[in-house]
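K.L.:
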Amino acid sequence: MREKDRPSQCCLLLEGWACRYRMLGDGKRQIFSFHIPGDIPDLQSLHLKVMDHSVCTMTAATVAFIPHEPLRKLTAAFPGVGAILWRETLVDGAIFREWMTGMGRRSATGSIAHLFCEMYVKLEAMGLARDHAYKLPPTQQDIGDALGLSNVHVNRVLRELRDNGLITLQNHKLQINDWAELSKLGGFDPTYLHLEKRDGATDSGDTEGQLVFANGFLVAVLVRLSEDHGDDVGKWFLEAGFGRVDDPGEPKFAELDDAQEWIQRRLEKG
């Protein structure tokens, strides 16, 4: 997705890494953020018609697309979903503020240390990192473009961190050997990430749900009914269907497989 585009859908990153960036007139690039599975890097396009920056994948990636119109209907019907998306944009702003602070006031060493800590905490929350180790696809050039540093400067800092025994970085796999010292060096405090365990947001007692995609597009939202629903407890309910899957009859299914098979039949009707 490029600057000046007018997207009609948001993308949900399911696998791989992505980044947001802008290209300057002299060919230099500024990366604004790195994104991991679970992120919606272009969520603002739901309300801002024209992209003021670009989005690209940094690795092989799997992306699901959520058309704007169904997403608007979903947030209107279920304010809890809208609240989660609103919270996502607020956390995004908090991360931007932290990056601005780093670029303006941290040393090069502190900035890179802080970035390594931030990415570990985010990846660990998604179950994609543990024991202070994770895959780090960004190149030295990418890191420099994100932090306003030259490739030479990034190389020098990485060598310094290795020599001091704080990290091991090989074949894009980062091992943080001394978390306490690296986080101290970067002045890292994860408060700005606002990570917390949250239940589903269906405006009821139902907390287990699943998004269903077909050909990369969101077609349905399924929710498992809680004890609040009496004899229907444990059944799967079509919370929202889009296009051919829309059904005012509000069907319920004994098993998740039954619901998925029903959705597939609706899609095949054409």
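To get my numbering, take the position in the sequence shown, counting from 1, and add 474.
Think of the CB as a built atom: it goes at the ideal place given N, C-alpha and C, for glycine as much as any other residue.
Computed from a predicted structure; not experimentally measured.
Using only the alpha-carbon positions, how far apart do Gly-501 and Gly-584 sit?
P.N.:
As a working note, residue 501 is residue 27 in the sequence shown. As a working note, residue 584 is residue 110 in the sequence shown. So the alpha carbons of these two residues sit roughly 27 Å apart.
K.L.:
Could you give the distance in angstroms between the alpha-carbon of Val-631 and the alpha-carbon of Thr-642?
P.N.:
Along the sequence shown, read from residue 1 onward, the residue named residue 631 stands at position 157. Along the sequence shown, read from residue 1 onward, the residue named residue 642 stands at position 168. Going by the C-alpha atoms only, they are around 13 Å apart.
K.L.:
Using DSSP bridges, identify the partner residues of Ile-505.
P.N.:
As a first step, residue 505 must be located in the sequence shown, where it is residue number 31. Partner(s): Tyr-495.
K.L.:
Of the choices Trp-491, Glu-670, Phe-590 and Ala-714, whose alpha-carbon is the least far from that of Gln-684?
P.N.:
The residue you call residue 684 lines up with position 210 of the sequence shown. Out of Trp-491, Glu-670, Phe-590 and Ala-714, Ala-714 has the C-alpha closest to the C-alpha of Gln-684.
K.L.:
What would DSSP say about Val-529, mapped onto helix, strand or coil?
P.N.:
Position 55 of the sequence shown, counted from the start, is the residue given in the question as residue 529. Of the three classes helix, strand and coil, the one that applies to Val-529 here is strand, per DSSP.
K.L.:
Find the nearest neighbour of Phe-711 within the set Ala-728, Glu-701, Cys-530 and Arg-561, judged by alpha-carbon distance.
P.N.:
On the sequence shown, residue 711 is found 237 positions in, with the first residue counted as 1. The shortest Cα separation from Phe-711 among Ala-728, Glu-701, Cys-530 and Arg-561 belongs to Ala-728.
K.L.:
How far does the beta strand (DSSP E) with Phe-691 in it reach, from first residue to last?
P.N.:
Walking along the sequence shown from the start, residue 691 turns up at place 217. 691 to 698 is the extent of the beta strand (DSSP E) around Phe-691.
K.L.:
Assuming Thr-549 contacts Val-555 (C-beta within less than 8 Å), just tell me the rounded distance between them.
P.N.:
Mapped onto the sequence shown, residue 549 falls at position 75. Mapped onto the sequence shown, residue 555 falls at position 81. Correct: roughly 5 Å between the Cβ atoms.
K.L.:
Can you list, in chain order, the residues of its chain with a C-beta nearer than 6 Å to that of Asp-605? Leave out the 5 residues immediately preceding and following it.
P.N.:
Start at 1 with the first residue of the sequence shown, and residue 605 comes out as number 131. Excluding sequence neighbours, Asp-605 sits near nothing in its chain.
K.L.:
At the level of alpha carbons, what is the spacing between Ser-700 and Glu-724?
P.N.:
Position 226 of the sequence shown, counting from 1, holds the residue named residue 700. Position 250 of the sequence shown, counting from 1, holds the residue named residue 724. About 16 Å.
K.L.:
What does Cys-484 pair with, by DSSP beta-bridge criteria?
P.N.:
Taking the sequence shown and counting its residues from 1, one reaches residue 484 at position 10. Partner(s): Ile-540.
K.L.:
Kindly list the residues whose CB is nearer than 7 Å to the CB of Pro-722, restricted to its own chain and excluding five residues on each side of it in sequence; keep chain order.
P.N.:
As a first step, residue 722 is located in the sequence shown; it is residue number 248 there, counting from the start. For Pro-722, where only same-chain residues beyond five positions count, there are no Cβ hits under 7 Å.
K.L.:
Using DSSP bridges, identify the partner residues of Trp-710.
P.N.:
By one-based count along the sequence shown, residue 710 stands at place 236. The partner list for Trp-710 (beta bridge, DSSP) reads Arg-698 and Phe-727.
K.L.:
Where do the ends of the alpha helix (DSSP H) carrying Lys-596 lie?
P.N.:
In the sequence shown, counting from the first residue as 1, residue 596 sits at position 122. Residues 582 to 599.
K.L.:
Hey, how far is the Cα of His-668 from the Cα of Ala-557?
P.N.:
Here the question's residue 668 lines up with position 194 in the sequence shown. Here the question's residue 557 lines up with position 83 in the sequence shown. Roughly 15 Å separates the two Cα atoms.
K.L.:
Mapping DSSP to helix, strand and coil, what is Ile-514?
P.N.:
As a working note, residue 514 is residue 40 in the sequence shown. Of the three classes helix, strand and coil, the one that applies to Ile-514 here is coil, per DSSP.
K.L.:
Is Ile-569 near Ser-507, with beta carbons less than 9 Å apart?
P.N.:
As a working mapping, residue 569 is identified with position 95 in the sequence shown. As a working mapping, residue 507 is identified with position 33 in the sequence shown. Yes; because the gap between Cβ atoms is below 9 Å, this pair is in contact.
K.L.:
Tell me where the beta strand (DSSP E) around Thr-665 begins and ends.
P.N.:
Start at 1 with the first residue of the sequence shown, and residue 665 comes out as number 191. No beta strand (DSSP E) holds Thr-665; DSSP gives it neither H nor E.
K.L.:
Unbroken beta strand (DSSP E) runs of length 3 or more, entirely within the stretch 600 to 661: which are they?
P.N.:
Qualifying beta strand (DSSP E) stretches, in chain order: 607 to 609, 641 to 644 and 647 to 650.
K.L.:
When DSSP labels each residue in this structure, what does Val-524 get in the three-state scheme?
P.N.:
Reading the sequence shown from its first residue, position 50 is the one you call residue 524. DSSP places Val-524 in coil when its eight states are reduced to three.
K.L.:
Is it the case that the stretch 489 to 496 contacts the stretch 509 to 517, given that we only count it when at least three CB pairs across the two stretches are under 8 Å?
P.N.:
Enough Cβ pairs lie closer than 8 Å, so yes.
K.L.:
For Leu-685, report the span of its beta strand (DSSP E) as first-last.
P.N.:
Walking along the sequence shown from the start, residue 685 turns up at place 211. Residues 682 to 688.
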